[in-house]
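Student: Once you've had a glance at the structure underneath, I'll fire off some questions.
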Amino acid sequence: MGNASSTLTQYDIEEVQRHCNNLFSQQEIVSLYQRFCQLDRNAKGFISADEFLSVPEFAMNPLSQRLLKMVDGLNFKDFVAFLSAFSAKASLAQKVEVIFKVYDSDCNGKVTFNDMIQVLQDLAGSFMSDQQREEVLGQVLHEAGYTKESVLLLDDFIKVFDHANLKMEVEVPVD
Amino acid sequence: MSKLKSSSSELDLDRPNIEDYLPSGSIQEPHGKLCLRDLLDISPTLTEAAGAIVDDSFTRCFKSIPPEPWNWNIYLFPLWCMGVLVRYLVLFPLRVIVLTVGWIIFLSCYIPVHFLLKGHDKLRKKLERCLVELICSFFVASWTGVVKYHGPRPSIRPKQVFVANHTSMIDFIILEQMTAFAVIMQKHPGWVGLLQSTILESVGSIWFNRSEAKDREIVARRLREHIEGADNNPLLIFPEGTCVNNHYTVMFKKGAFELGCTVCPVAIKYNKVFVDAFWNSRKQSFTMHLLQLMTSWAVVCDVWYLEPQNLKPGETPIEFAERVRDIISVRAGLKKVPWDGYLKYSRPSPKHRERKQQGFAESVLRHLEEI
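Protein sequence lines correspond, in order, to chains C and B. When we follow the UniProt record's numbering, the leftmost residue of the first sequence carries the number 1, and every step to the right adds one. When we follow the UniProt record's numbering, the leftmost residue of the second sequence carries the number 1, and every step to the right adds one.
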C-alpha cells in the first residue's frame with residue numbers, strides 16, 4: 001500500500017483487517033481509508049497533528065492533546081488499529097486498554113496519582129481547583145482500596161471497570 | 001500546512017450556541033455515590049473525539065462528492081469517450097471563441113464609456129451596468145449555463161441587501177448576468193484581483209480581508225454607506241463567508257443582518273448531473289475551476305429570488321440570520337450545519353472546550369458535597 005496511492009487493493013484491505021484483528025468489516029476499512037485520505041491533505045501517508053486539529057469537533061475536545069500524542073503520524077494500518085478499540089465488536093479489555101493508555105502519558109505501564117490528576121485537569125479545566133481535584137481523587141481512591149501513593153497497572157484498571165457497561169463505540173459511515 | 005491561529009473572541013459573537021446543535025451530555029452524570037470508576041471513566045469524551053476523527057459534519061461541507069460514474073460498461077464507455085472528445089475538441093474551442101468575442105466587445109465598449117463619459121456619471125453608470133451584465137452573460141454562455149430564475153427580478157431600491165448561499169465564485173456571475181449587483185468579496189490575487197479592482201469597482205463593490213480583524217469595522221461602515229445610497233447597485237452578500245459544496249449551508253455571519261434594512265434571500269442550487277460546480281479552493285485554483293466548467297457539458301442551476309425579510313420585533317440579528325438561512329436551505333434542499341465557515345482557516349475558540357469542562361467540573365463537585 002503506497003503512501004500516495006488513493007486506491008486500496010484487496011490485499012491491502014485484508015492486511016489491514018488482520019492488523020486490527022477483524023474488528024472492522026472490509027467496507028468499513030474502505031470508508032476509513034477515504035476518510036484518512038481526506039484528512040491527509042498532501043498524501044504524505046500519515047495525518048499530522050495540525051490536520052487532526054482542523055476538525056473543529058476534535059479540536060474542541062478536552063482530551064484532544066492526549067489523543068493527538070497517540071494518533072499523530074500514524075500510517076493507515078495503525079490508524080485503523082487505534083480506532084478498532086471503538087468498534088462495536090471490540091472487547092471490554094481493549095476499550096479499557098485505550099483508557100489506560102490515555103492516562104499513562106509517559107507510556108511506562110504505570111498510572112500514578114499525578115497522571116490521574118492531570119487527566120482530571122484536562123477534563124475539568126479551570127473550573128476545579130487543585131485542592132478540589134486532589135480531594136475528590138483521594139477520596140474515591142481510598143474507597144476503592146488504593147492510596148495516593150498507589151501505582152495502578154492495566155490489570156487494576158481492568159478490575160475497576162469489571163462488568164462495566166462501557167459505551168465506547170463509533171459508527172463508521174459506509175456509503 | 002501553515003499553523004492555524006485560534007479565532008479571536010470577536011468571531012464568537014457571530015455565532016449562536018453550537019451546543020444547541022451538537023449532541024449534548026458528553027460527560028456522564030454519575031449516579032448516586034461517586035466511585036473510582038466514575039472518575040476514571042473518560043469513555044464519553046474519548047468516543048466523541050474518535051467519532052470526530054471518523055466523520056464530522058464540518059469537513060463534510062467541503063468535500064467534493066463526485067457523481068456516480070455511469071461509464072462502466074462496454075456500451076456506455078465508448079459513448080463516454082466520444083463525449084470527452086466532443087467536450088474537449090469541439091465545445092471547448094467554441095466556448096473559448098465565444099468568451100474571447102465577448103471580452104473584445106466588452107472592452108471595446110467599456111473602455112471608451114469609462115473614460116469618455118467621466119462627466120456624465122448617471123449615464124456612465126447605466127451603461128457600465130449593462131456592459132457588466134453583458135460580459136457575465138458571455139461567461140455563462142461559455143459554460144453553456146442553463147439558469148432558471150424563479151421569482152421577481154431584483155429592483156434597485158435603497159435599504160435592501162441580497163444574501164445567497166455560496167458554492168463558487170461563479171454564483172456571483174450567474175446572479176450578475178440578470179442584475180448588476182454590487183458585491184462584497186475577499187480580495188483575490190492574480191487576474192481575478194485585476195478584474196476586481198477595475199470592472200467590479202465600477203459596479204460599486206466592497207473588498208475585505210479575512211485575516212484582518214480591524215477590517216470588520218471598516219467594512220461594516222462601508223456596507224452601511226452603500227445601502228443608504230439611492231442609486232447604488234443592490235448589494236449582494238454571501239454570508240457564509242466561504243464556498244460550501246452545495247449540499248450543506250454553514251452558519252451565516254450576522255454582518256448582513258444588522259444593517260437595519262430588508263434582506264432578500266436568494267437560493268442557488270446546481271444540478272450535479274452536468275457538473276459539480278463546487279469550487280474547492282483548497283484543491284483547485286479559480287482558473288482550473290473555470291477550465292473544468294468549460295470542458296463539461298453544461299452548468300445547470302436554479303436561482304430562486306425569495307420573499308424579502310425584515311428583522312422581527314424582539315429578534316436578534318443572529319436569530320434573523322438563522323431564520324433566513326433556514327428559508328434558503330429549505331428552498332435549495334440543503335442541510336444546515338452549526339459551524340462557522342471561517343473554521344476552515346482558524347481553530348475553534350477555547351470557549352467551547354471550557355463549556356464542557358465546566359459541565360464536568362460541576363457534576364463532580366456536586367457529588368463531592370454529597371460524599
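Think of the CB as a built atom: it goes at the ideal place given N, C-alpha and C, for glycine as much as any other residue.
Just to make sure I have the definition right: I need the residues of chain D whose C-beta is within less than 8 Å of the C-beta of residue 348 of chain B. Which are they?
Tutor: Among the protein chains of the structure shown, namely C and B, there is no chain D.
Student: If we require 3 or more residues per run, which beta strand (DSSP E) segments fall completely within the segment 250-296 of chain B?
Tutor: 262-270
Student: Can you tell me whether residue 75 of chain B is helix, strand or coil according to DSSP?
Tutor: coil
Student: Exposed or buried, residue 155 of chain B, counting other C-beta atoms within 10 Å across all chains shown (16 or more means buried)?
Tutor: exposed
Student: In chain order, what residues of the segment 29-43 of chain C put their CB closer than 9 Å to some CB of chain B?
Tutor: If the cut-off is 9 Å between Cβ atoms, the segment 29-43 of chain C has 31, 32, 35, 38, 39, 41 and 42 near chain B.
Student: Using DSSP with H/G/I as helix, E/B as strand and the rest coil, what is residue 347 of chain B?
Tutor: strand
Student: Does any residue of chain C have a CB that is nearer than 8 Å to the CB of residue 101 of chain B?
Tutor: no
Student: Among B:179, B:198 and B:189, which one has its Cα closest to the Cα of residue 107 of chain B?
Tutor: B:198
Student: Determine which residues of the segment 276-295 of chain B have a Cβ less than 7 Å from any Cβ of chain C, and write them out in chain order.
Tutor: none
Student: Residue 366 of chain B: buried (16+ other C-beta within 10 angstroms of its C-beta) or exposed?
Tutor: exposed
Student: Measuring only the C-alpha atoms, how far is residue 142 of chain C from residue 163 of chain C?
Tutor: 21 Å
Student: Please say whether residue 235 of chain B and residue 265 of chain B have beta carbons closer to each other than 8 Å?
Tutor: no
Student: Out of C:136, C:102, C:146 and C:37, which one is the CA nearest neighbour of residue 39 of chain B?
Tutor: C:136
Student: Report the partner residues of residue 191 of chain B according to the DSSP bridge assignment.
Tutor: Bridge partners of residue 191 of chain B: none, in fact.
Student: Do the CB positions of residue 153 of chain C and residue 360 of chain B come within less than 8 Å of each other?
Tutor: no
Student: So residue 204 of chain B packs on residue 232 of chain B, CB below 8 Å; how close in whole Å?
Tutor: Between residue 204 of chain B and residue 232 of chain B the beta-carbon gap is near 5 Å, inside 8 Å, which marks them as a contact.
Student: Can the beta-carbon of residue 208 of chain B be found closer than 8 Å to that of residue 173 of chain B?
Tutor: For the pair residue 208 of chain B and residue 173 of chain B, the CB atoms are not nearer than the 8 Å cut-off.
Student: Give me the chain C residues within the contact set of residue 35 of chain B, using Cβ-Cβ distance strictly less than 8 Å, ordered along the chain.
Tutor: Taking a Cβ-Cβ threshold of 8 Å, the residues of chain C close to residue 35 of chain B are 140, 143 and 144, in chain order.
Student: Could you give the distance in angstroms between the alpha-carbon of residue 317 of chain B and the alpha-carbon of residue 311 of chain B?
Tutor: 7 Å
Student: In chain order, what are the residue ranges of uninterrupted alpha helix (DSSP H) at least 4 long that sit wholly in the segment 48-109 of chain B?
Tutor: 57-60 and 76-85
Student: How big is the Cα-Cα spacing for residue 262 of chain B and residue 239 of chain B?
Tutor: Distance between the alpha carbons of residue 262 of chain B and residue 239 of chain B is about 15 Å.
Student: Give a yes or no on whether 8 Å exceeds the smallest Cβ distance from residue 52 of chain B to chain C.
Tutor: Chain C contact via Cβ: present.
Student: Does residue 70 of chain B get closer than 8 Å to chain C when you measure Cβ to Cβ?
Tutor: no
Student: I'd like to know if residue 158 of chain C contacts chain B, where contact means its C-beta is closer than 8 Å to some C-beta of that chain.
Tutor: Residue 158 of chain C is outside the set of residues whose beta carbon lies under 8 Å from a beta carbon in chain B.
Student: Residues in the segment 292-318 of chain B with C-beta within 9 Å of chain C's C-beta atoms, listed in sequence order?
Tutor: none
Student: If you draw a straight line from the alpha carbon of residue 149 of chain C to that of residue 158 of chain C, how long is it in whole angstroms?
Tutor: 19 Å
Student: Are any of the Cβ atoms in chain C nearer than 8 Å to that of residue 1 of chain B?
Tutor: Only weak support exists for where residue 1 of chain B lies, its pLDDT of 38 falling under 50; the value from the coordinates is given anyway. With 8 Å as the cut-off, residue 1 of chain B counts as an interface residue toward chain C.
Student: Find out if the Cβ-Cβ distance for the pair residue 49 of chain B, residue 67 of chain C is shorter than 8 Å.
Tutor: If you check the CB distance, residue 49 of chain B and residue 67 of chain C come in under 8 Å.
Student: Would you kindly check if the distance between the Cβ of residue 80 of chain C and the Cβ of residue 24 of chain C is under 8 Å?
Tutor: yes
Student: Within the present structure, is the beta-carbon of residue 125 of chain B separated from the nearest heavy atom of the ligand SAH by less than 7 Å?
Tutor: Ligands displayed in this structure: none; no statement on the ligand SAH is therefore possible.
Student: List the residues of chain B whose Cβ lies closer than 8 Å to the Cβ of residue 150 of chain C, in chain order.
Tutor: Residues of chain B passing the Cβ test: none, with the nearest at roughly 11 Å.
Student: Would you identify the three-state DSSP class for residue 70 of chain C, choosing helix, strand or coil?
Tutor: helix
Student: How should residue 56 of chain C be labelled, buried or exposed, when 16 other C-beta atoms within 10 angstroms of its C-beta is the threshold for buried?
Tutor: buried
Student: Taking residue 303 of chain B as the reference, give the member of B:339, B:83 and B:271 with the closest Cα.
Tutor: B:271
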